[in-house]
Amino acid sequence: AATLSLMAEVEKETFDIEKADLLVKELRKVYRSGKTKSHEWRVSQLKSILKMVEEKEKDIIKALQEDLSKPELEAYISEISMTKGSCKHALEELEGWMKPQKAKTSITTYPSSAEIVSEPLGVILNKAIWAQATDRDGASGALIGAIAAGNAVVLKPSEVAPASSSLLAKLLEEYVDNSAIRVVEGAVAETSALLEQKWDKIFYTGSGHVGRIVMAAASKHLTPVILELGGKCPVVVASDVNIKVATMRIIAGKWGCNNGQTCIAPDYIITTKAFAPKLIDALRHELVEFFGVNPLESDDISRIVNLYHFKRLKRLIDDDKVSNKIVIGGQTNENQLKIAPTILLDVPEDALVMKEEIFGPLLPILTVENIEDSFTVINSRSKPLAAYFFTNNEDLKKDFVRNVSAGGMLINDTILHLTVPSLPFGGVGESGMGSYHGKFSFDAFSHKKGVLYRTFKGDSPTRFPPYSAGKLQL
Ligand code: NAD
Numbered sequence: 107a108a109t110l111s112l113m114a115e116v117e118k119e120t121f122d123i124e125k126a127d128l129l130v131k132e133l134r135k136v137y138r139s140g141k142t143k144s145h146e147w148r149v150s151q152l153k154s155i156l157k158m159v160e161e162k163e164k165d166i167i168k169a170l171q172e173d174l175s176k177p178e179l180e181a182y183i184s185e186i187s188m189t190k191g192s193c194k195h196a197l198e199e200l201e202g203w204m205k206p207q208k209a210k211t212s213i214t215t216y217p218s219s220a221e222i223v224s225e226p227l228g229v230i231l232n233k234a235i236w237a238q239a240t241d242r243d244g245a246s247g248a249l250i251g252a253i254a255a256g257n258a259v260v261l262k263p264s265e266v267a268p269a270s271s272s273l274l275a276k277l278l279e280e281y282v283d284n285s286a287i288r289v290v291e292g293a294v295a296e297t298s299a300l301l302e303q304k305w306d307k308i309f310y311t312g313s314g315h316v317g318r319i320v321m322a323a324a325s326k327h328l329t330p331v332i333l334e335l336g337g338k339c340p341v342v343v344a345s346d347v348n349i350k351v352a353t354m355r356i357i358a359g360k361w362g363c364n365n366g367q368t369c370i371a372p373d374y375i376i377t378t379k380a381f382a383p384k385l386i387d388a389l390r391h392e393l394v395e396f397f398g399v400n401p402l403e404s405d406d407i408s409r410i411v412n413l414y415h416f417k418r419l420k421r422l423i424d425d426d427k428v429s430n431k432i433v434i435g436g437q438t439n440e441n442q443l444k445i446a447p448t449i450l451l452d453v454p455e456d457a458l459v460m461k462e463e464i465f466g467p468l469l470p471i472l473t474v475e476n477i478e479d480s481f482t483v484i485n486s487r488s489k490p491l492a493a494y495f496f497t498n499n500e501d502l503k504k505d506f507v508r509n510v511s512a513g514g515m516l517i518n519d520t521i522l523h524l525t526v527p528s529l530p531f532g533g534v535g536e537s538g539m540g541s542y543h544g545k546f547s548f549d550a551f552s553h554k555k556g557v558l559y560r561t562f563k564g565d566s567p568t569r570f571p572p573y574s575a576g577k578l579q580l
């Protein structure tokens with residue numbers, strides 16, 4: 107009865123920031139009851155999310171179109187099918203992930219056995235992002251991992267994608283166990299109220315600026331954090347590539363995923379001075395093939411998410427330092443929040459477009475004398491979330507992997523590394539900390555508890571006082 111009355115106090119539709127503590131208290135009580143730890147509960151919730159995405163596919167696509175004019179097929183590929191894939195993968199693997207892992211013991215504990223037990227952490231806050239508003243890299247990925255690991259979760263979707271946020275809130279209320287999985291909608295005030303609470307882990311996706319606020323709030327309670335941040339992801343293009351395939355893959359990763367509003371979208375290209383003109387011609391050709399001569403009218407490209415971000419990007423284009431550097435695109439339509447794929451050549455390092463993460467459809471190209479010089483350029487900047495290299499040269503590939511630091515890497519393509527569940531996805535340095543996807547998501551929300559089992563045999567007499575001279579000689 108006490109539980110029920112507490113539940114009643116926490117409004118589901120309109121979150122009362124004064125009652126953020128009650129929400130966490132309630133979820134903690136449910137977590138402590140042990141309900142979320144059972145294999146059955148985890149499976150039932152993952153199946154419900156899968157069912158939700160399957161049954162409400164059209165509503166999800168509609169919400170994404172409302173928020174971003176996201177093309178239907180793109181929404182299907184990058185959100186619906188990825189989320190379904192993550193759920194199915196977790197359902198297939200969960201039993202194995204949950205099994206304690208045998209560990210080696212040492213001579214000092216002989217005879218004994220040991221294992222590593224994956225224990226849920228407790229109550230998780232998942233503060234998600236508007237880009238990929240519903241998919242596993244936005245709202246659902248961490249949610250799937252947290253549930254698979256047996257936690258209670260609060261999901262805070264981004265107010266920047268209001269249609270996706272309210273749809274997620276409505277659907278999750280309908281499909282999953284609301285005693286342990288809750289959605290809180292809102293903006294800064296709601297996030298701040300949530301951040302004041304004591305969580306067992308905070309999973310945050312967004313900018314480094316807010317990431318710092320999250321980490322500072324978490325430190326008050328010694329709460330561990332996973333920060334999935336961004337940065338400027340470089341694409342190095344050597345002159346030995348299959349230029350058609352390379353440009354198609356660069357375009358797909360840049361403008362085919364939310365029109366550049368993706369954390370691992372190519373942010374800038376580095377190529378050699380000699381190869382740049384060829385690369386630009388190839389990009390121009392493929393861009394027309396993909397989006398026509400007037401990309402602002404293309405239905406195959408998302409718009410900018412809101413006026414604030416449109417103006418932010420317009421400022422990067424209008425910067426005096428790049429006014430004569432635009433070689434492709436540059437067209438904008440403020441009423442429709444559209445910006446055409448825009449390529450800038452040889453922008454100075456101190457131009458705004460090279461100082462900030464772009465997170466939009468602009469793509470500067472830097473040129474170097476030798477392709478190896480690109481490694482120095484990348485390493486002189488903050489460590490990116492992803493780094494891409496197009497080349498056929500095996501030695502150069504090895505050098506790139508060995509010498510360039512990045513959250514993840516992909517050779518001869520863009521973006522696709524995040525579709526591989528056996529690879530950890532996450533940042534390093536300023537692009538974030540911690541990783542997830544596949545088993546890494548399960549591990550991210552589990553405590554790895556080392557357990558040693560002994561019997562009542564096998565003690566060496568030297569272990570126990572008094573430490574007599576005779577024992578020393580043993
Ligand atoms: P953001 O960090 O500006 O997030 C804005 C969100 O933070 C809003 O929901 C807002 O309500 C909240 N917020 C703002 N100020 C706050 C404050 N003072 N206290 C508490 N909450 C506050 O970023 P964004 O625009 O949502 O996302 C863009 C960034 O996310 C980019 O850097 C991108 O690379 C990154 N990103 C990373 C990943 C990843 O998986 N690593 C995925 C997608 C996006």
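End of the sequence shown = 580 in UniProt numbering, gap-free, step of one.
By construction, the Cβ of each residue, glycine as well, lies at the ideal position given by its N, Cα and C atoms.
For residue i, the three-state DSSP class (helix, strand or coil)
| i | result |
| --- | --- |
| Leu443 | coil |
| Glu475 | coil |
| Thr561 | coil |
| Gln437 | coil |
| Asn364 | helix |
| Ile484 | helix |
| Glu260 | The amino acid occupying residue 260 in the given sequence is Val; Glu does not appear at that position. The answer is strand: DSSP assigns Val260 an E or B state. |
| Glu180 | helix |
| Ile423 | helix |
| Leu451 | strand |
| Ser340 | Note that residue 340 corresponds to Pro in the displayed sequence, not to Ser. DSSP places Pro340 in strand when its eight states are reduced to three. |
| Tyr310 | strand |
| Ser511 | coil |
| Ile410 | coil |
| Tyr374 | strand |
| Gly191 | helix |
| Glu302 | coil |
| Phe506 | helix |
Length of the line joining the Cα atoms of residue i and residue j
| i | j | result |
| --- | --- | --- |
| Val343 | Arg421 | 27 Å |
| Phe506 | Thr377 | 14 Å |
| Thr353 | Gln437 | 21 Å |
| Phe397 | Asn441 | 20 Å |
| Ala267 | Leu402 | 21 Å |
| Lys489 | Ala254 | 30 Å |
| Glu280 | Thr561 | 50 Å |
| Glu199 | Arg418 | 43 Å |
| Thr214 | Lys205 | 26 Å |
Distance CB(residue i)-CB(residue j) smaller than 7 Å
| i | j | result |
| --- | --- | --- |
| Val159 | Lys190 | yes |
| Ile356 | Val331 | no |
| Pro340 | Ile235 | no |
| Ser537 | Leu491 | yes |
| Tyr310 | Gly564 | no |
| Pro470 | Trp361 | no |
| Leu197 | Leu128 | no |
| Gly251 | Phe551 | yes |
| Lys503 | Ile517 | yes |
| Phe121 | Glu296 | yes |
| Ile123 | Ala299 | yes |
| Ile370 | Ile155 | no |
| Lys545 | Val223 | no |
Contacting residues, own chain, Cβ-Cβ under 7 Å from residue i (five flanking each side not counted)
| i | result |
| --- | --- |
| Leu249 | Asn232, Val259, Leu261 |
| Ser480 | Val342, Ile376, Val474 |
| Gly256 | Thr142, Lys143, Arg148, Pro226 |
| Lys168 | none |
| Leu273 | Asp165, Ile166, Ala169 |
Rounded Cβ spacing between residue i and residue j (contact assumed at less than 8 Å)
| i | j | result |
| --- | --- | --- |
| Ser270 | Asp426 | Ser270 to Asp426, Cβ: 37 Å. No contact. |
| Gly533 | Leu277 | At roughly 29 Å, the Cβ-Cβ gap does not stay under 8 Å, so Gly533 and Leu277 are not in contact. |
| Thr497 | Val347 | 6 Å |
| His195 | Pro527 | 5 Å |
| Ala388 | Ile449 | The pair is not a contact, with the Cβ atoms about 11 Å apart (cut-off 8 Å). |
| Asp406 | Lys431 | Their Cβ separation, rounded to whole angstroms, is 26 Å, which puts Asp406 and Lys431 out of contact at 8 Å. |
| Lys176 | Asn364 | 7 Å |
| Arg409 | Lys444 | 5 Å |
Proximal residues to residue i (C-beta, below 8 Å), its chain only, five neighbours per side dropped
| i | result |
| --- | --- |
| Lys577 | Pro567, Thr568 |
| Ser574 | none |
| Ala380 | Ser345 |
Own chain residues within Cβ distance below 6 Å of residue i, not counting five before or after
| i | result |
| --- | --- |
| Ile386 | Val433 |
| Ala220 | Ala209, Thr211, Leu558 |
| Pro275 | First, the amino acid is wrong: residue 275 is Ala here, not Pro. Excluding residues within five positions, the ones whose Cβ falls inside 6 Å are Val289, Glu291. |
| Leu524 | Phe531 |
| Leu458 | Leu422, Asp425 |
| Phe465 | Gln367 |
Cβ of residue i within 7 Å of any chain C Cβ
| i | result |
| --- | --- |
| His195 | No chain C is present in this structure, which holds just one protein chain. |
The ligand GDP heavy atom lying under 6 Å from the CB of residue i
| i | result |
| --- | --- |
| Cys369 | Ligands displayed in this structure: the ligand NAD; the ligand GDP is not among them. |
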